[in-house]
Amino acid sequence: MQEPMIAMKGVSKWYGDFKVLNGVDLHVHTGEKLILCGPSGSGKSTTIRLLNRLEEHQEGQIRVNGIDMNGDIRNIQRIRSDVGMVFQHFNLFPHLTALQNCTVALRLVKKMPVREAEERAMRYLERVRIPQHAGKYPGQLSGGQKQRVAIARSLCMEPKVMLFDEPTSALDPEMVKEVLDTMVQLARGGMTMVCVTHEMGFAREVGDRVVFMDHGEVVETGKPADFFGAPQTPRAREFLGQILA
Amino acid sequence: MTWDTLKTYLEPLSEGATWTLALFFASALLAVVVGLLVCFARMSGHAWLRASAKTYIEIVRGTPLLVQLFFIYYGLPELGVVMPGFPAGVLGLTINFGAYLAELFRGGIQSVDNGQFEASRALGLTRIQRLRVIVMPQALRTIFPALGNYALVLVKDTSLVAVISVYELMRAGQMLAGATFRSLLVYSMVGAIYFLMCSVLSYVFRRIEKRLTVPGYWDGASEHNPITKI
């Protein structure tokens, strides 16, 4: 059988004395859409931030696309070029236009010529349906537009996996849909995705599997319909009770 | 007083002003380099580098520029380090302003949102690319008004090196006043020339600041302006 795109085995992490992750095992297969959910402080964000080394784990093994995540800077760079990430607060570069936000890494990391980089960037800005804003600065865009630029910026690098860290949590309600639509479209295109999100509709529509975390541990895993319909553990039931209330 | 008198006075003063400009540009350039290096040392992962940078900054900021200049020009020769006035002046100004700029740069870098570092790491930018393309351009915009202040202060502080017998505008004024006994006139002219230089510099900084402005960010007219917003 083919090696999973992402394999975490017995991963633990501490902040000082505080153990934030406790022996997390997680596999994501190519093309799979994994939904990570759980209460605040459960370790779900930390988990996906380990997958491109925004955080370091202290115990256990992480492999992404067959590359070992260890201290080796070359491995980290290779993994980062395979993994795109979308943040809750967009983190667009405010001094660069939407187009430049998309081309900057192509130019610097992939050493692509300007013209080619701009063509590719425009292609992805079209895919997220905002080519008309290419020349604008982030400060001139709405939250939903910013997040779509951020998605295009990640896609430009043509990653094998996309990580989403609560991509709609900082958005006004009326802008959530445009971002989710973009993500649904991406999912249908076959992208491997790991999404930290509480958007149940999205999770049900595109999620292959839901992983519920609490206190730094994976508590329950299941198909979205099963998990949301009939959670097996008391902690998951309590959590769903709170967010659906 | 005639126009001719003014012209004869202006001649040594403009020669002095040329040296003032030379002092300014040399020290400004070097101070930016020193400031950047010390700032990186101050923020480095090596404890001894951080400690040295901190010590340097504290000593320089805790002692008067005048004392530093005397130390370099009159003190160091006792240790066998002798240098002419001009390089001694540039060295003193560089050491002094380098310390202030290091802290200014650090403040600028630390003002850049953590998410900017994360996004550029996630995109695979190296540390140097991240600093050069993402962090520094944003830090520069934040510190720019303060940087303009330091530039003006530096122009005026070059006058202090007159005391270590460097020939520049202030020194030229002193010599002229001594020879003519027209102190009021001479120092008015000296002051006017400093004012002119500062005005030009201030204008240049305003222009650059305008060019650095990004719509929707750091633009005085925007809704982010906490002063104009009710």
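Chains as they are written, first to last, in the working numbering: chain A, 1 to 245; chain B, 246 to 475.
Note that the Cβ used here is the ideal one computed from N, Cα and C, for glycine as well.
Which whole-angstrom value describes the C-beta separation of residue i and residue j, a residue pair presumed to lie in contact below a C-beta threshold of 8 Å?
i	j	result
L163(A)	N52(A)	7 Å
I67(A)	V11(A)	16 Å between Cβ atoms; not a contact.
Q383(B)	P94(A)	7 Å
V179(A)	Q132(A)	V179(A) to Q132(A), Cβ: 17 Å. No contact.
G369(B)	S81(A)	5 Å
V411(B)	F331(B)	5 Å
I438(B)	L258(B)	6 Å
I6(A)	V196(A)	That belief does not hold up - the Cβ atoms of I6(A) and V196(A) are roughly 14 Å apart, past 8 Å.
F350(B)	G280(B)	6 Å
Can you pull the chain A residues whose beta carbon is under 7 Å from the beta carbon of residue i, in chain order?
i	result
A276(B)	The contacting residues do not exist; A276(B) stays about 25 Å from chain A at best.
G360(B)	F87, H89 and N91
L370(B)	A105, L108 and V109
V460(B)	For the record, residue 460(B) in the displayed sequence is Pro; it is not Val. By Cβ distance, chain A contributes Y137, G139 and Q140.
V378(B)	V104 and L108
P390(B)	What P390(B) touches in chain A: nothing, since even the nearest Cβ is about 16 Å away.
P382(B)	H95
Q374(B)	L108
In angstroms with no decimal places, state the Cα-to-Cα distance between residue i and residue j.
i	j	result
V327(B)	L321(B)	7 Å
V312(B)	L441(B)	28 Å
L92(A)	M112(A)	20 Å
T216(B)	A422(B)	The first residue shown for chain B is 246 and the last is 475, placing residue 216(B) beyond what the model contains.
S289(B)	G353(B)	16 Å
I73(A)	L108(A)	17 Å
M69(A)	I79(A)	8 Å
T387(B)	V161(A)	35 Å
G436(B)	V305(B)	28 Å
L50(A)	R375(B)	20 Å
A424(B)	D358(B)	58 Å
V378(B)	V406(B)	37 Å
P329(B)	R416(B)	15 Å
L251(B)	L430(B)	9 Å
T473(B)	Y462(B)	15 Å
H291(B)	E158(A)	36 Å
Using a Cβ-Cβ cut-off of 6 Å (strictly less than) and excluding sequence neighbours within five positions of residue i, which residues of its own chain qualify?
i	result
A152(A)	C102, Y124, L125 and V128
V206(A)	K33, V184 and A187
D208(A)	E32 and K33
Y301(B)	none
C443(B)	L397 and V400
Name, please, each residue of chain B whose Cβ falls closer than 8 Å to the Cβ of residue i.
i	result
S81(A)	G369
Who are the near neighbours of residue i in its chain, counting only those whose CB is closer than 7 Å to its CB and skipping five residues on each side?
i	result
N394(B)	none
S297(B)	A286
E348(B)	I302
R235(A)	D214 and V219
T46(A)	K13, V20, L21 and E55
Determine the chain B residues that contact residue i at a beta-carbon separation under 9 Å, and present them in chain order.
i	result
P4(A)	Those within 9 Å of P4(A) in chain B number zero; the least Cβ separation is about 21 Å.
M157(A)	L368 and G369
Are the beta-carbon atoms belonging to residue i and residue j less than 9 Å from one another?
i	j	result
L36(A)	G216(A)	no
M122(A)	L99(A)	yes
F228(A)	P167(A)	no
G43(A)	K13(A)	yes
S404(B)	T265(B)	yes
G334(B)	E413(B)	yes
D172(A)	G201(A)	no
L324(B)	D402(B)	no
V194(A)	A203(A)	no
T339(B)	L392(B)	no
Give the residues of chain A in contact with residue i, contact being defined as C-beta atoms less than 8 Å apart.
i	result
R386(B)	H95
For residue i, which residues of its own chain have a beta-carbon under 8 Å away from its beta-carbon, when the five flanking residues on both sides are left out?
i	result
T97(A)	A134, G135, K136 and Y137
S40(A)	none
Chain D beta carbons: is any one of them nearer than 9 Å to that of residue i?
i	result
Q355(B)	As a matter of chain content, chain D is missing from the structure shown, whose protein chains are A and B.
Name the chain A residues that come within less than 9 Å of residue i, Cβ to Cβ?
i	result
E363(B)	R49, L54, M85, F87 and N91
Which residues of chain B have a Cβ atom closer than 7 Å to the Cβ of residue i, listed in chain order?
i	result
Q77(A)	G369
Under the criterion of a Cβ to heavy atom distance below 8 Å, does residue i qualify as lining the ligand COA?
i	result
Q361(B)	No copy of the ligand COA occurs in the structure displayed, which carries no ligand at all.
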